DNA sequence: CGTGTTTTATGATATATGTCAAGGCACAGC
DNA sequence: GCTGTGCCTTGACATATATCATAAAACACG
């Protein structure tokens, strides 16, 4: 059985509300544990993203492949994040993205329909969603501003400040792709930054 | 008296719920009409963004100024959008952004505290917020993907597809800044695109 | 261990985009 | 109808970043 405690902690911490025993049962009834091994795909381009998965353990990348065959990483996801292409998940349209496990993944997943019907009425959960929505708005704005105003080096420095653990956890070529850079450019950047 | 009908239409359309006469009164009691003339500032860097404003008429830009004195436009906003630096608005921290009217502006504005207490309990309003939150997530993801995967030309083409009216409404140098380009580069891009 | 695979580093070169400078065009206000 | 101001274009040149090729280093796994 997968670990629901991580999810309960997360919902309670973010919302500032406790979950009752009954409410926890609702979570257990509708979230399905799912495991993926490293390199397995959570979502493939062209498929509909039926589930969002709460990451109990592991990590993943969300990426596209362009006409030249180059991959571009839009998102890197770790524990306590929600894994999905939300465009596809909300609208049930085919996704333009691939989502692949970078480390063995343990998820608790649910469909949008089930979440709307059973989970969203739980006050702690909808409060959590509001907090996440605010955080996302702020993070998206910050990343976008960095993308249009900063040089490659500035964007890298911002990543170092905001997500230092990414540097330990993910290979440098993935970080480069996340920043919109070639691996060579990031390698040179780091050499120069050491002075 | 400013025009609340635009706001009511917007809330009702997005939420799919009607507003009662009483609920409309709550809106009238707490949203304050505000006018700004072209070039006036809605927010200055370093100030707290106390209000969010629903744009009844006009347009604005949200931008930063870097160390070299260059401006970078993060957002262009028109009718039926909400104007604010939401990081500062939610957290009441000093903003890193300036928001300036590009055309005469008519707003209906409200503080976060008032919105939370009086407006959010209105079902149509909170439903609208959920829809906006989803739309923002999708739009932010799309723009970010464009920023890391596309060339300057690709980003411009995407703007032409997604927001064609921006091209009529805003000068080309503002569009360039929004795309993270110099005005000269955009000018050349457009010349080549004509073939 | 050893061996194949992945990741990182480095050099040479190509390409995209920025910067600076100048001129022309358009429009607002007198 | 002038005139100033802001916007757009164009050219020459500078700089940042990508690409391609190769080798070294790190890692995974039988």
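Chains as they are written, first to last, in the numbering used here: chain A, 3 to 197; chain B, 3 to 197.
Where a beta carbon is used, it is the ideal one built from N, C-alpha and C, also for glycine.
Note that the coordinates shown come from a computational prediction; the quantities given were computed from them, not determined experimentally.
- In the DSSP assignment, residue 104(B) falls outside any alpha helix (DSSP H) and carries neither an H nor an E.
- Within a 10 Å sphere around the beta-carbon of residue 62(A) sit 16 or more other beta-carbons, which makes this residue buried.
- When only Cα atoms are considered, residue 140(B) and residue 120(A) end up about 24 Å apart.
- Every unbroken stretch of the beta strand (DSSP E) spanning 3 or more residues and falling wholly within the segment 19-80 of chain B is given here in chain order: 34-38, 43-45, 53-59, 62-67 and 73-79.
- Within the segment 141-154 of chain A, the residues whose Cβ lies closer than 8 Å to any Cβ of chain B are, in chain order, 142, 143, 144, 145, 146, 147, 149, 150 and 151.
- Taking a C-beta distance under 8 Å as the contact criterion, residue 108(A) and residue 60(A) qualify as a contact pair.
- For residue 156(B), the enclosing alpha helix (DSSP H) starts and ends at 154-164.
- The alpha carbon of residue 122(B) has as its nearest neighbour, out of 6(B), 33(B), 8(B) and 11(B), the alpha carbon of 33(B).
- Residue 77(B) sits close to residue 64(B), with the two beta carbons spaced by under 8 Å.
- Residue-level contact by beta carbon fails for residue 95(B) and chain A, as no gap is shorter than 8 Å.
- With respect to the C-alpha of residue 66(B), the residue from 81(A), 143(A), 26(A) and 170(A) having the closest C-alpha is 143(A).
- For the pair residue 99(B) and residue 25(B), the CB atoms are not nearer than the 8 Å cut-off.
- When C-beta atoms of the segment 169-180 of chain B are compared with those of the segment 69-89 of chain B, three or more pairs fall below 8 Å, so the two segments count as touching.
- Contacts between residue 69(A) and chain B, judged by CB atoms closer than 9 Å, are missing: the closest CB pair is about 10 Å apart.
- Taking CB atoms only, residue 92(A) has a neighbour in chain B less than 8 Å away.
- Residue 85(A) is bridged by DSSP to 55(A).
- Pairing residue 97(A) with residue 164(A) gives a Cβ-Cβ distance that is not under 8 Å.
- In terms of beta-carbon proximity, residue 89(A) lines the interface with chain B, with at least one pair separated by less than 8 Å.
- Chain-ordered, the chain A residues with CB closer than 7 Å to the CB of residue 135(B) read 135.
- Between residue 131(A) and residue 36(A) a beta carbon distance of about 21 Å is seen, past the 8 Å cut, so the two are scored as non-contacting.
- For a Cβ distance threshold of 7 Å, residue set 147 and 151 of chain A lies close to residue 66(B), ordered along the chain.
- For residue 74(A), a Cβ of chain B is located within less than 8 Å of the residue's own Cβ.
- In this structure, the straight-line span from the alpha carbon of residue 155(A) to that of residue 171(A) is close to 20 Å.
- For residue 149(B), the number of other beta carbons within 10 angstroms of its own is at least 16, and it is reported as buried.
- Taking 8 Å as the threshold, the shortest C-beta distance from residue 194(B) to chain A does not fall below it.
- The Cβ-Cβ distance between residue 126(A) and residue 13(A) falls below 8 Å.
- Residue 114(A) carries a helical assignment under DSSP once its states are collapsed to helix, strand and coil.
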